[in-house]
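Student: Mind the numbering: the sequence shown is residues 3 to 425 in the numbering used here, read in order.
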Amino acid sequence: MATAQVIDHTQRDPWEVALEQFDIAADKLHLDPNMRGILRECQRELIVHFPVRMQDGVVRVFTGYRVQHNVSRGPGKGGIRYHPSVTLHEVKALAMWMTWKCAVVGIPYGGAKGGVICDPKQMTQQQLETLTRRYTTEISLLIGPDRDIPAPDVNTNAQTMAWIMDTFSMHAGHTVPAVVTGKPLSIGGSEGRSEATARGAVYTIIEAAKAIGLDLDGARVVVQGYGNAGLFSAKLMSEIGAKVIAVSDTSGGVHDPKGLDLTKVEAFKRETGRVQGLPGVERVSNAELLELDCEILIPAAIENQIGAHNAPAIKARIVAEAANGPTSPEADRILHDRGVMVIPDILCNAGGVTVSYFEWVQDLQNLFWREATINARLKEVMVKSFNDVLDLAKKNKVDMRTAAYMLAVSRVADATLTRGIYP
Ligand code: NAD
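1) Kindly give me the distance between the Cβ atoms of asparagine 230 and threonine 199, rounded to whole angstroms, as I take these residues to be in contact under 8 Å.
2) Apart from the five residues just before and just after glutamine 364, which ones in its own chain have a Cβ nearer than 8 Å to its Cβ?
3) Have a look at glycine 184 and isoleucine 82 and give me their C-alpha separation to the nearest angstrom.
4) Does asparagine 150 come out as helix, strand or coil in the three-state DSSP assignment?
5) In the DSSP output, which residue or residues are listed as bridge partners for lysine 79?
6) Any heavy atom of the ligand NAD within a distance shorter than 7 Å of the CB on aspartate 250?
7) Name, in chain order, the residues that DSSP records as bridge partners for glutamine 128.
8) When the distance is taken between beta carbons, is tyrosine 111 closer than 8 Å to proline 77?
9) Could you check what DSSP says for aspartate 295 in three-state terms: helix, strand or coil?
10) Is the closest heavy atom of the ligand NAD to the C-beta of valine 156 under 7 Å?
11) Quick check: what's the CA-CA separation for histidine 32 versus serine 330?
12) Closest by CA to isoleucine 145, which one among Gly255, Cys120, Val181, Tyr137?
13) Excluding five sequence neighbours on each side, which residues of the same chain lie with their C-beta closer than 6 Å to the C-beta of aspartate 15?
14) Beta strand (DSSP E) containing histidine 32: first to last residue?
15) Leaving out the 5 sequence neighbours to the left and right, which residues in its chain are closer than 7 Å to alanine 333 when beta-carbon positions are compared?
16) Assuming valine 118 and leucine 133 are in contact, meaning their beta carbons sit under 8 Å apart, how far apart are those beta carbons, in whole angstroms?
17) If we require 4 or more residues per run, which alpha helix (DSSP H) segments fall completely within the stretch 245-332?
18) Please name the residue or residues paired with methionine 343 in a DSSP beta bridge.
19) Shorter than 8 Å from the beta carbon of methionine 98 to some beta carbon of chain C?
20) Which first and last residues belong to the alpha helix (DSSP H) in which asparagine 72 is found?
21) May I ask which residues mark the beginning and end of the alpha helix (DSSP H) holding glutamate 209?
22) Taking the Cβ atom as the reference point for each residue, do arginine 340 and leucine 216 lie within a distance shorter than 8 Å?
23) What are the uninterrupted segments assigned as alpha helix (DSSP H) that are 4 or more residues long and contained completely in the stretch 160-195, given in chain order?
24) Hey, how far is the Cα of asparagine 326 from the Cα of threonine 206?
25) Let me check understanding here. Comparing Cα to Cα, which of Leu349, Gly353, Ile316 lies closest to leucine 337?
26) Would you say the beta carbon of isoleucine 300 comes nearer than 7 Å to a heavy atom of the ligand NAD?
27) Between isoleucine 242 and the rest of its own chain, which residues show a CB-CB distance below 8 Å, the 5 nearest in sequence each way excluded?
28) If glycine 254 and valine 286 are in contact, beta carbons under 8 Å, what's the gap, nearest whole angstrom?
29) Under the three-state reduction of DSSP, which class applies to methionine 3: helix, strand or coil?
30) May I ask you to check if the CB of alanine 324 is nearer than 7 Å to at least one heavy atom of the ligand NAD?
31) Confirm, please, whether the CB-CB distance from cysteine 44 to methionine 100 is below 8 Å.
32) Looking at the ligand NAD, does it come within less than 7 Å of glutamine 367, judged from the CB to the closest heavy atom?
33) Drop a sphere of 10 angstroms on the beta-carbon of glutamine 367, count the other beta-carbons inside from all chains shown, and report buried for 16 or more, exposed for fewer.
34) Using alpha carbons as the reference points, say which of Gly227, Ala322, Ser188, Phe234 lies closest to isoleucine 447.
35) When burial is assigned at 16 or more other CB atoms within 10 Å of the CB, is serine 250 buried or exposed?
36) Taking Cβ positions, are valine 256 and leucine 292 nearer each other than 8 Å?
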């Protein structure tokens, strides 16, 4: 008999985790072995090495990736990450998660992702622009409005998307706004895109709270990560009456059991680049923050945060994965056994890609919608998708992640099978 083994969460390879999550759903679905073989691989993996002239005249060679996991349901879609720890395996996992995410919310895209190994905190705006423009040129082999449409992810933002759009357009000889989403409004971006990931997550939290009978008024919320997904999640949760008691970034976290003044946190972060150091509140580490007493925990930073080592100590009743891949399969089992509802990443943070899809549609039609229309359509998608997954989870007596995967994998398998194997 195998002995129980505690796996160190930091050692888990995201691609291994993605495959394990897929296999759990594939087993439940009794997926045909041929289809399993197709879906366990990424269709295209591009690795690029490119030089960038830094300000001191030194030329540095950077490595970047663009991966398309499966494009049976439509063009590839997925963000671009700038981080020192980007690896091909991480990008592959993120691309596969995008395939499932688009399928679970019924958006006509396949899954893709990109990344560059770099430390944006050590780079000037000029260097970031040069890096982005050259990386765009290198991955132009794969991207395009009908082929593969990037978006922001960790350490990239609307400005990065503007540089990508401009570079791609310069090569094409005409403006191509639909090549990226998450752009600034002035060049074809969409109303509501900046908050979309968080807004979508909040819609799923509202549905989850209804499902478990939790009153959100005054409910205590802890948010890990204070970037695009985290900052807006905190803000929107507080707008609906919940109490945000802790937030964090790479510098660590701040905690006030009475509730943080988010205006002060945001101003402090803007001034100093960090949340720790804010006067009048308690400091906590990122590890301590995850185990704080609260009703809702929103991981909104990076992968591999909740593993077998800390899942037993999580006190939240709902874990809402605004981040991609924060929870390991071992932790999933522990949380499920303890009755914690995990809203899985491919469902919880799908609001970002949903409004990206709206942006792409608006760009292609040159017809722009009002923010109220966007938020209403986003809500419709998120509420329906959450309840489709919840119904499937109840029917099959599985956790929410397995149910979301079952729904997504069956849709992608169906599209792949219907198209047939070429030639
Ligand atoms: P971001 O760069 O805007 O913010 C990331 C935040 O996480 C920063 O505050 C950073 O300091 C913090 N952080 C990084 N490492 C950390 C650590 N080890 N501990 C604590 N905090 C840490 O990135 P983002 O776009 O908000 O993305 C965050 C997560 O959300 C990622 O997993 C991303 O894939 C996911 N996501 C983002 C979007 C989107 O639209 N931006 C959509 C879907 C999913």
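Glycine included, each C-beta is placed from N, C-alpha and C at the ideal position.
Tutor: Walking through what the data contain:
1) With a Cβ gap of about 7 Å, asparagine 230 and threonine 199 count as contacting.
2) Within the same chain, Cβ atoms closer than 8 Å to the Cβ of glutamine 364 are found at Gly190, Ser192, Phe370, Trp371, the five residues on either side in sequence being excluded.
3) Rounded to whole angstroms, glycine 184 to isoleucine 82 spans 11 Å at the Cα level.
4) Checking the sequence, you will find aspartate at residue 150 rather than asparagine. Assigned with DSSP and collapsed to three states, aspartate 150 falls in strand.
5) The partner list for lysine 79 (beta bridge, DSSP) reads Gly113, Ile151.
6) A small fix is needed here, since residue 250 is serine in this sequence, not aspartate. Serine 250 Cβ: within cutoff of the ligand NAD.
7) Assignment of beta-bridge partners to glutamine 128 by DSSP yields no partner.
8) Closer than 8 Å, so yes.
9) Looking at aspartate 295 - three-state DSSP - the assignment turns out to be coil, as it is neither helix nor strand.
10) Yes.
11) Going by the C-alpha atoms only, they are around 23 Å apart.
12) Closest by C-alpha distance to isoleucine 145, out of Gly255, Cys120, Val181, Tyr137, is Val181.
13) Here the set comprises His91.
14) Element bounds for histidine 32: n/a, residue is neither H nor E.
15) Beyond the five residues adjoining it in sequence on each side, alanine 333 comes within less than 7 Å, by CB distance, of Ile308, Gly309, Ala310, Ala313 in the same chain, given in chain order.
16) Rounded to the nearest angstrom, the Cβ distance from valine 118 to leucine 133 is 7 Å, consistent with a contact under 8 Å.
17) The alpha helix (DSSP H) runs lying completely inside the stretch 245-332 and spanning 4 residues or more are 264-274, 288-292, given in chain order.
18) Ile320, per the DSSP bridge assignment.
19) This model lacks chain C altogether; it includes just one protein chain.
20) Per DSSP, asparagine 72 lies in no alpha helix (DSSP H); the unbroken beta strand (DSSP E) holding it starts and ends at 61-72.
21) Per DSSP, glutamate 209 belongs to the alpha helix (DSSP H) from 195-214.
22) It is not a contact, given that the beta carbons lie outside the stated cut-off.
23) Given a length threshold of 4 residues, each whole run of the alpha helix (DSSP H) inside the stretch 160-195 is given here in chain order: 160-174.
24) Taking the straight line from one Cα to the other gives about 15 Å.
25) Cα-wise, what sits closest to leucine 337 is Ile316.
26) Answer for isoleucine 300: no, Cβ out of range of the ligand NAD.
27) Hits under 8 Å: Val204, Ile208, Leu218.
28) The Cβ separation is near 7 Å, so the contact holds.
29) With a pLDDT of 32 at methionine 3, under the threshold of 50, the modelled position of this residue cannot be trusted, and the question is left open.
30) When distances are taken from the beta-carbon of alanine 324 to the heavy atoms of the ligand NAD, the shortest one is below 7 Å.
31) For methionine 100 and cysteine 44, no; Cβs fall outside 8 Å.
32) Incorrect: glutamine 367 has no Cβ contact closer than 7 Å to the ligand NAD.
33) Looking at its Cβ environment, which holds fewer than 16 other Cβ atoms inside 10 Å, glutamine 367 is exposed.
34) Outside the shown range of the chain, which is 3 to 425, sits residue 447, and nothing can be said about it.
35) Classification of serine 250: buried, given that the 10 Å Cβ count is 16 or more.
36) No, Cβ-Cβ distance for valine 256 and leucine 292 is not below 8 Å.
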